[in-house]
Structure formats: structure tokens, C-alpha cells
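One structure is given here, and the rest of the page talks about it.
In my numbering, the protein residues as written are 14 to 289.
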């Protein structure tokens, strides 16, 4: 795909695949959900709450109107835009929520989404500038597939649990550790304890875990604790302090800071939004 730019726009979203590596000097925001996926090489993006360096097959999801800018692209840029009404209508069909989805401001990695991205990017690369009905139909169905995958497999304010089944065939050892962590997420895990489950050294385990999930073991654990806390926020009258401690956070301030970094608001703010 050398020096080739592919842009396909549809009412429900758009696909951009390009080797354009130019740096963006100004902040931008869009009225859409944007999945920025690293096909290969690193990608550097800046957001108001975080800077991200994406490695191969990692991605981030930018929520509508979240300010961001591209700092550097090592190799290739692949992104998908999804219309907010389209994505939230699909979410509502699964009875996930009665509010607009907001995805976590975090690097993520998922085998099913990786497979989807490679397939769609390779398929799109076969077309020239002319977009015929078959291309439009292909992308329409693909965007619906992606919306479902994102809703069911990524972290957002709607997430009820973490679907890790697709990791089982990719890395049984890491999957086994994930299940153990999820079963006892309140425990103050050490890296040594996690590594023991996989029968690996601490160094081997930490390296493999990040390669498979896109996150360090501790960051993954904290993100899972956030997911579990969201159910408490929605379905109980527990105080924010009790929720933080019940979910394994060392303090309410650590919980508040991580929640705000991921979602831009405090747990209390989102409790009002989620229960209105």
C-alpha cells in the first residue's frame, strides 16, 4: 500500500488508511467515535488527559468531541470513524444502556478487533479511487461488525465485565492469569503472584502480558477494578469511599484520579449520569 491513501465515507462512519505521517500542530475534535489502530509500527497521539504511544495491533478509541492530535506515525495510519447515533442504537439493541457510551481513555488490545482491522484494511487496499456499490456494502456491514465488537470487547462506561475469552487461544497462560485476577480482583496482587500462575519468571510474565493485552499487569488489574466499580456506581447506594476500597483500590484518591483520567469526570459525576 505504498503511497496510497484510501478514504471511504458512509452515513454510519468512515475508513481512512494512509501512509501520511505528518504531525498535527493543532488540537482537533470530531463528532464521532474514532478508533485509531496501529497496523504496524508505532503511533503517537496526544489527548488532554493522556499521551499515547501505540505499538503493533494496539488501539485507542476517541470519544465524540474529545480533543486530540497526532504527534507521529512510524509506518501506517488506519482509523475508523463511527457515527454516535449508529453506535448507540446498536448498544441499545443489546440493552446495554440508556445513555451515550463513553469509552475509556486507555490503550487497548483485543484479538477479535485485531483480526477485524487487518481483514478490513487488506480488503480496502484492493480498491482504487472509485467506490462502487460492493465496496459501500462491504464497509456498511463491516462498520456494524466493529460497533458490536467495540461494545462487547472494550472498556467503557457501559462495560459490565471484561470479555477475555478470545485471549484463550492466543495465550492460554495469560488467559489463565486473567481469570485468576478477575476472580480475586480485590486482592493486592504482586507481580510475583501473577507470574506464578503462568509458571513464568516475573520478567517473562510482564513482557508477555503486555505483548498480549497492550497493558502492564498492574494497569490491567486497575482497569478491571474500574469496570467492577461501575456496577456499584450504577446499582448500589454505596459511598464512593466504600466502592473504592471494596474494589481493591488503596485509597479513594487513587480511585478518583484513575477514573477521571479514563473518563474525564469523577465517579460521583458518572453515578448521576448512569442512574438518571
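Glycine included, each C-beta is placed from N, C-alpha and C at the ideal position.
How should residue i be labelled, buried or exposed, when 16 other C-beta atoms within 10 angstroms of its C-beta is the threshold for buried?
i, result
"residue 280", "buried"
"residue 230", "buried"
"residue 107", "exposed"
"residue 237", "buried"
"residue 8", "The structure shown does not extend to residue 8, since the chain spans only 14 to 289, so no value can be given for it."
"residue 207", "buried"
"residue 168", "buried"
"residue 246", "buried"
"residue 216", "exposed"
"residue 37", "exposed"
"residue 127", "buried"
"residue 182", "exposed"
"residue 32", "exposed"
"residue 162", "buried"
"residue 70", "buried"
State the Cα-Cα distance for the pair residue i and residue j, rounded to the nearest angstrom.
i, j, result
"residue 123", "residue 72", "9 Å"
"residue 115", "residue 273", "12 Å"
"residue 178", "residue 188", "8 Å"
"residue 24", "residue 96", "8 Å"
"residue 82", "residue 43", "11 Å"
"residue 100", "residue 48", "12 Å"
"residue 155", "residue 133", "7 Å"
"residue 129", "residue 152", "12 Å"
"residue 174", "residue 117", "14 Å"
"residue 14", "residue 75", "The predicted position of residue 14 is uncertain, since its pLDDT is 42 and thus under 50; no value can be drawn from it."
"residue 18", "residue 147", "19 Å"
"residue 213", "residue 50", "30 Å"
"residue 22", "residue 29", "9 Å"
"residue 92", "residue 171", "22 Å"
"residue 53", "residue 34", "13 Å"
"residue 263", "residue 248", "22 Å"
"residue 277", "residue 240", "15 Å"
"residue 253", "residue 176", "25 Å"
"residue 62", "residue 149", "36 Å"
"residue 159", "residue 137", "15 Å"
"residue 269", "residue 193", "25 Å"
Report the CB separation of residue i from residue j in whole angstroms; it is logged as a contact under 8 Å.
i, j, result
"residue 287", "residue 112", "7 Å"
"residue 261", "residue 199", "4 Å"
"residue 94", "residue 45", "4 Å"
Nearest CA to the CA of residue i: which residue from the options?
i, options, result
"residue 197", "61, 101 and 259", "259"
"residue 68", "60, 85, 169 and 272", "85"
"residue 57", "214, 163, 192 and 89", "89"
"residue 243", "136, 156 and 284", "284"
"residue 66", "180, 269 and 120", "120"
"residue 64", "80, 210 and 266", "80"
"residue 235", "205, 267 and 104", "267"
"residue 191", "148, 172, 28 and 211", "211"
"residue 125", "186, 17 and 226", "226"
"residue 39", "180, 60, 21 and 46", "60"
"residue 185", "241, 218, 163 and 282", "218"
"residue 103", "150, 165 and 278", "165"
"residue 271", "138, 250, 232 and 203", "232"
Distance cutoff 8 Å, beta carbons only. Does residue i sit that close to anything in chain D?
i, result
"residue 130", "Absent from the structure: chain D. Only one protein chain is present."
What beta strand (DSSP E) runs, 3 residues minimum, are completely inside the segment 73-127? For secondary structure counted as the beta strand (DSSP E) over 3 or more consecutive residues, the segment 73-127 holds these complete runs in sequence order: 81-86 and 90-95.
Fully enclosed by the segment 20-74, which beta strand (DSSP E) runs are 3 residues long or longer? Annotation note: the segment 20-74 contains the following uninterrupted beta strand (DSSP E) runs of length 3 or greater, listed N- to C-terminal: 26-31, 46-50, 56-60 and 64-67.
Which parts of the segment 132-163 are runs of the beta strand (DSSP E), unbroken and 3 residues or longer, counting only runs that do not cross its ends? Within the segment 132-163, no complete beta strand (DSSP E) run reaches 3 residues.
Every unbroken alpha helix (DSSP H) within the segment 181-233, with a cutoff of 4 residues, ordered by chain: Fully enclosed alpha helix (DSSP H) runs of 4 or longer: 185-196, 204-211 and 215-226.
At what residue ranges does the segment 239-265 contain a whole run of the alpha helix (DSSP H), taking only runs of 4 or more? Correct list: 253-259.
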